[in-house]
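Peer 1:
Protein chains in written order, with our numbering: chain A, 506 to 647; chain B, -8 to 62.
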């Protein structure tokens, strides 16, 4: 898995996968909201359960609002876009810091079933670690 | 942390074949309950990334679970 200086990388980082495919890894935007809802519908029940520990039929408005509400510090999310087959979003990873202990965070990653085992989840998680480690968390609650 | 068990909602007959018919019988949910409210992060039923905290849910809604699976 390698990174390139492809011009597409101006919006993120182009990552070459072991199978020869390429994905653009970039920050999640509020404008990704509708696509997030659509891609969720493509997940198998098993993939939904692995992500949320349950398998709701769809992401509710409230859940979507929460999922796109990221600040890059306490809540950060990265998405992977395929540069090969036109699939806009094939994976997403995020972390959310603990309210009680901001030095700790919980992570979650989801990759569309058809794109699993390609290294996309690893690419996302490895890049998510950087902002998690470098961004200054808010002060812990008193 | 203190989680108070709650009685929750009611339950109703459910035909599982439509939604879980492709699973083995032992893996199918036979009944389900409607809880009085959605799971939330504030109520600590969901983690910050929206995963269900099963232990909290099991404890808090044990009465509802037992009412549909207890006998």
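Cβ atoms here follow ideal geometry from the backbone N, Cα and C, with glycine treated the same way. No experiment lies behind these values; they were computed from the predicted model shown.
So residue 482 of chain A is in the beta strand (DSSP E); what residue range does that whole segment cover?
Peer 2: The structure shown does not extend to residue 482 of chain A, since chain A is modelled only from 506 to 647, so the question has no answer here.
Peer 1: Here's the rule I'm using: 16 or more other beta-carbon atoms within 10 Å means buried, otherwise exposed. How should residue 565 of chain A be labelled?
Peer 2: Within the first chain, residue 565 of chain A is the residue found at index 60, counting from 1. When all chains shown are included, residue 565 of chain A counts as exposed.
Peer 1: Where do the ends of the alpha helix (DSSP H) carrying residue 612 of chain A lie?
Peer 2: Position 107 of the first chain, counted from the start, is the residue given in the question as residue 612 of chain A. No alpha helix (DSSP H) contains residue 612 of chain A, which is instead part of the beta strand (DSSP E) from 610 to 616.
Peer 1: Using Cβ-Cβ distances below 8 Å, what residues of the region 570 to 590 of chain A are close to chain B?
Peer 2: 571, 572 and 580
Peer 1: Using a beta-carbon distance cut-off of less than 7 Å, what residues from the region 25 to 50 of chain B approach chain A?
Peer 2: 38, 39, 40, 41, 42, 43 and 45
Peer 1: Check each candidate in A/523, A/543 and A/584 and name the one with the smallest Cα separation from residue 517 of chain A.
Peer 2: Along the first chain, read from residue 1 onward, the residue named residue 517 of chain A stands at position 12. Of A/523, A/543 and A/584, the residue nearest in Cα terms is A/584.
Peer 1: With a threshold of 9 Å between beta-carbons, can residue 545 of chain A be considered close to chain B, or not?
Peer 2: Mapped onto the first chain, residue 545 of chain A falls at position 40. Residue-level contact by beta carbon fails for residue 545 of chain A and chain B, as no gap is shorter than 9 Å.
Peer 1: Compare the C-beta of residue 556 of chain A with all C-beta atoms of chain B and state if any pair is closer than 9 Å.
Peer 2: Residue mapping note: residue 556 of chain A aligns to position 51 of the first chain, counting from 1. Yes, its Cβ sits closer than 9 Å to a Cβ of chain B.
Peer 1: Work out the CA separation of residue 630 of chain A and residue 596 of chain A for me, nearest whole Å.
Peer 2: Translated into the one-based positions of the first chain, residue 596 of chain A becomes position 91. Translated into the one-based positions of the first chain, residue 630 of chain A becomes position 125. Spanning the two alpha carbons is a distance of roughly 11 Å.
Peer 1: In whole angstroms, give me the CA-to-CA distance for residue 57 of chain B and residue 39 of chain B.
Peer 2: Position 66 of the second chain, counted from the start, is the residue given in the question as residue 57 of chain B. Position 48 of the second chain, counted from the start, is the residue given in the question as residue 39 of chain B. The alpha-carbon atoms of residue 57 of chain B and residue 39 of chain B are separated by roughly 28 Å.
Peer 1: Is residue 529 of chain A closer than 9 Å to residue 541 of chain A when the C-beta atoms are compared?
Peer 2: Your numbering for residue 541 of chain A matches position 36 in the first chain. Your numbering for residue 529 of chain A matches position 24 in the first chain. No, Cβ-Cβ distance for residue 541 of chain A and residue 529 of chain A is not below 9 Å.
Peer 1: Within the same chain, show all residues whose beta-carbon is closer than 7 Å to that of residue 636 of chain A, passing over the 5 residues directly before and after it, in chain order.
Peer 2: Numbered from 1 along the first chain, position 131 holds the residue referred to as residue 636 of chain A. Contacts found: 577 and 581.
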